[in-house]
Amino acid sequence: MAKGYFFAKVVSRHEDEKMSNDFENSQEYRKALEIAKKQEELYKNVTKAISPEALAKFQELSNKLSEWKNSLNNMPGLLKFAEMLKNYQQEVRVTEGLTEAEFEEKYRSEIEWSEKFGKNGWVISEHSNPADIKNWEQLLREGEAKVAEFFDGEDIVILDVIIEGLQEKYVSDEIQLYFKNGMQAFENEDYMTAAMYLLALLDNRVNKLVDFPNQHMSYKVKYSNSGFANQMAEDFRQLTEKRGFMSKKIYFLEMYPSLIAYLNRIFIDGSYKFEKGIEPPYLNRNWLMHGRMNRSIERYECIQILNALSVIEFMFGDR
């Protein structure tokens, strides 16, 4: 779980909100404004008794002081960071004694918020931060395909990073073959073939890496909170022992909810049974592998699978 570069950039969405609300009323903020005001007054008094050349220098200094004063309202700086840290420490103290069930209940709204992304095809990525995810929510209003811009937009390299990371891991046995063939089809824009290989690989990696109570459970049970119960309990225990509060929030409030919701959508028919003859408006393994689809698969749907593979390797692959 030691993904330092990722955790360093992740800040709780709640902490950002608390920080901005409290900072303007803080004692440190008032002191900083008072200092700036006194320095400006000092400048006004000194300018009465100095030469034009020196006055020009003082004018430059005064402009700098004014810029610094105004920037206090707009820049995080060390004082805002201190306020953020204070709020973070307070939240840690409140939650450190909670059980997994109590932790999830406390943050139920955030879990449901993350599940929404999985139900719409997107697992919250290790390459994203809270600001990115808020942007995903805006993009979803235009359709789930729009979220692919985060990974594959103009001047965006996240998809390349994901593919390179998976290539480094998938170097042996059948996983190398399936990934190689899937990516070759992806590059040739044969997205239906690519999806077949990548979905088979997704099924393989989930079953290989996740500690399911029973490997022979139905998909409906396996890809649910009950199916992931053993794995989640162990992760919660380890993160509690390591006092990994931020990692716990990322795993249990973002990644787990969106991943389970996505796997449920991909592998379970739900209300879209064959006998009803109504095809789901999204990629589903059963409809694809049983030759029942009547539409072409699009590029973004393969990106959704690649993103899910990347998150699975991030969460469970380095153990």
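The sequence shown: position 196 = 196 (my numbering), numbered continuously.
Glycine included, each C-beta is placed from N, C-alpha and C at the ideal position.
Given the structure is predicted, the values throughout are model-derived calculations rather than measurements.
If you check the CB distance, Gln231 and Val210 come in under 8 Å. In the structure shown, Ile158 falls within a helical segment according to DSSP collapsed to helix, strand and coil. No Cβ-Cβ contact shorter than 8 Å links Glu301 with Arg292. For the pair Leu309 and Leu201, the CB atoms are nearer than the 8 Å cut-off. In the three-state DSSP reduction, Tyr300 falls in the helix class (H, G or I).
Here Gln167 is exposed, its C-beta having fewer than 16 other C-beta atoms within 10 Å. Annotated as proximal: Leu139 and Val147, with beta-carbon spacing under 8 Å. With a 10 Å radius around the Cβ and a threshold of 16 neighbouring Cβ atoms, Glu313 comes out buried. For Ile266, the enclosing alpha helix (DSSP H) starts and ends at Tyr256 to Phe267. Of the candidates Ile303, Ala195 and Lys222, the residue whose Cα lies closest to the Cα of Gly153 is Ile303. With fewer than 16 other beta carbons inside 10 angstroms of its own, Asp318 counts as exposed. Judged by DSSP in its simplified three-state form, Asp190 adopts coil rather than helix or strand. In the same chain as Asn294, and ignoring 5 residues on each side of it, the C-beta atoms closer than 7 Å to its own belong to Glu279, in chain order. Ranking Arg243, Val157, His216 and Phe267 by CA distance to the CA of Ile305 puts Phe267 first.
The beta carbon of Lys169 sits closer than 7 Å to the beta carbons of Glu313 and Gly317 from its chain, once the five residues preceding and following it are set aside; these are given in chain order.
Rounded to whole angstroms, Thr95 and Phe103 show a C-alpha spacing of 7 Å.
When the alpha-carbon of Asp269 is set against those of Met192, Asn188, Val221 and His216, the nearest one is in Val221. The alpha-carbon of Ile124 is positioned some 33 Å away from that of Glu275. No Cβ-Cβ contact shorter than 8 Å links Tyr223 with Ile175. In this structure, Ser128 is the residue among Tyr191, His216 and Ser128 with its C-alpha nearest to the C-alpha of Ile162. For the pair Phe186 and Ala195, the Cα-to-Cα distance works out to about 8 Å.
Burial of Ile111 is indicated by the presence of at least 16 other C-beta atoms within 10 angstroms of its C-beta.
At least 8 Å separates the beta-carbon of Asn120 from that of Glu105. Inter-residue distance for Leu239 and Leu283 is about 34 Å (C-alpha atoms, whole angstroms).
Around the C-beta of Val311, 16 or more other C-beta atoms lie within 10 Å, and the residue is accordingly described as buried. Taking C-beta separations shorter than 8 Å and ignoring five residues to either side along the sequence, Lys242 has no partners in its chain.
DSSP, read as helix, strand or coil, puts Val171 in coil. Contact annotation: Leu263 and Leu199 have beta-carbon atoms that are not nearer than 8 Å. Between Asp132 and Glu149, the alpha-carbon positions lie close to 11 Å from each other. Remark: C-beta atoms of Ser271 and Glu115 do not approach each other more closely than 8 Å.
Separation of Gly165 and Asn63 (C-alpha to C-alpha, rounded to the nearest whole angstrom) is 49 Å. The Cβ atoms of Phe212 and Tyr256 do not sit closer than 8 Å to each other. Counting only the Cα atoms, Lys248 lies some 14 Å from Arg108. Rounded to the nearest whole angstrom, the CA to CA distance from Met315 to Asn225 is 16 Å. Asn307 is a Cβ neighbour of Trp122, given a cutoff of 8 Å.
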